[in-house]
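For what it's worth, full-length UniProt numbering labels the leading residue of the sequence shown as 1, then goes sequentially.
From the three backbone atoms N, C-alpha and C, an ideal C-beta is built for every residue, glycine too.
This one's a predicted model, so the numbers in the text were calculated from it and none came from an experiment.
Worksheet: the structure to be examined is printed underneath.
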Amino acid sequence: MLPAADGRQPLRKNVVQYPAHGKTAGGVCPRRRTTAVFISSSKDTTVFDNIPIEWRDLLDIGVVSVLLYQLIQMVRGSRALAVLTGLGLLTLLYFFSRAVGLYTLSWLLQHIFSSIFILIVVIFQSDIRQALGEMGTHRLFRKKQLMQDGVEEVVMACVEMARLRVGALIVVERSMRLGDMIKREGVRVDAQLSRQLLMNIFYPKAPLHDGAVVISRGRLMAAACILPLAVAKGQSFGTRHRAALGVTMESDAVVIVVSEERGEISVAMKGELMRALDAGRLREVLNEVL
């Protein structure tokens, strides 16, 4: 086998041999002639070279990613997550019943899944309505700016209430939604956040002063909310402080407490309490975590 012109040895698996005949003095006898055929291949070729990617594909992936992220944020920390988990378990049960031959159960689950779109709309109608409303008012992508604007209102209201010895309990929602707590206990407000509104709610003779207010996406969503109480860690913790610790143990919310007895401001996060904060320190903490 002859070497190639560039010095490479031909690979045997890439060689095609063609037999030929030649004549000798005694007659015709077979004579083999070998022709080497090289099949070139590039070592740099990958499987992705055969997949065309256009700007439309990138746009499609980006839009779907944003929608999925917003969906996860919408259901995170709410009853919707538990419902979706239940639907996932039903899906696994359906495939299991098909695999082992449980025909009655498979038939029942198949008819349930045939109406799954209607079930989702009925179960999540309030969440869908809220998400569509936020998209329609462009609030979905302005959460950070709205909360930054509301921090100063919260700080000024807390400082004034501490000076007047007016008790307050303010829950600021973060990534985990507190919608279920608002629906069960509180009075829905959904108003623009302002220091005047906060002080009017917590005025001792106001009808909504007993309980907590919930701030979400820069708006005051509910008032008179009853929060779960944490186990008392000491004699110095009153009902408001225990409620603040209780809700931060079950969510990632930030809770601001104004004590009417001491006239001091405290902030609860992750089951821990920071006490005796002045206006500057309170503003710094809220701007850092929100």
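Distance between residue j and residue i (C-alpha atoms, nearest Å)
i: M249; j: D57; result: 43 Å
i: P228; j: V247; result: 6 Å
i: V100; j: I170; result: 53 Å
i: L193; j: M269; result: 21 Å
i: V214; j: W107; result: 45 Å
i: S97; j: E153; result: 57 Å
i: E288; j: L105; result: 52 Å
i: E54; j: R195; result: 51 Å
i: V255; j: R242; result: 11 Å
i: F95; j: I116; result: 16 Å
i: R240; j: Q110; result: 49 Å
i: G271; j: L277; result: 17 Å
i: Y203; j: E160; result: 12 Å
i: G238; j: M156; result: 23 Å
i: L113; j: G88; result: According to the sequence displayed, residue 113 carries Phe and not Leu. Answer to the nearest angstrom: the Cα atoms are 11 Å apart.
i: H138; j: L102; result: Any answer about H138 is weak, because its pLDDT of 48 lies below 50 and its placement is not dependable; what the coordinates show is given next. Taking the straight line joining both Cα atoms gives about 49 Å.
i: A279; j: S65; result: 40 Å
i: R188; j: I201; result: 13 Å
i: L140; j: D60; result: Note that L140 scores a pLDDT of 46, beneath 50, so its modelled location is shaky; the value from the coordinates is reported in the next line. Their backbone Cα atoms lie some 20 Å apart in a straight line.
i: L290; j: L68; result: 22 Å
i: L208; j: A191; result: 14 Å
i: S266; j: V172; result: 13 Å
i: M176; j: L93; result: 29 Å
i: A244; j: A82; result: 24 Å
i: V257; j: I118; result: 43 Å
i: R174; j: T91; result: 31 Å
i: R262; j: R281; result: 18 Å
i: G186; j: V285; result: 26 Å
Beta strand (DSSP E) segment containing residue i, residue limits
i: E272; result: 272-277
i: A224; result: 219-225
One or two residues paired with residue i in a DSSP bridge
i: A168; result: V258
i: Q192; result: R219
i: residue 306; result: The requested residue 306 does not occur in the structure, where the chain is confined to residues 1 to 290.
i: V213; result: I170
i: V187; result: A223
Residue i - containing alpha helix (DSSP H), residue span
i: M199; result: 195-201
i: I118; result: 116-123
i: S106; result: 103-113
i: A206; result: No alpha helix (DSSP H) holds A206; DSSP gives it neither H nor E.
i: A244; result: 239-250
**OP:** Check whether the region 156-164 touches the region 213-222, taking contact to mean three or more Cβ pairs, one atom from each stretch, closer than 8 Å.
**Re:** no
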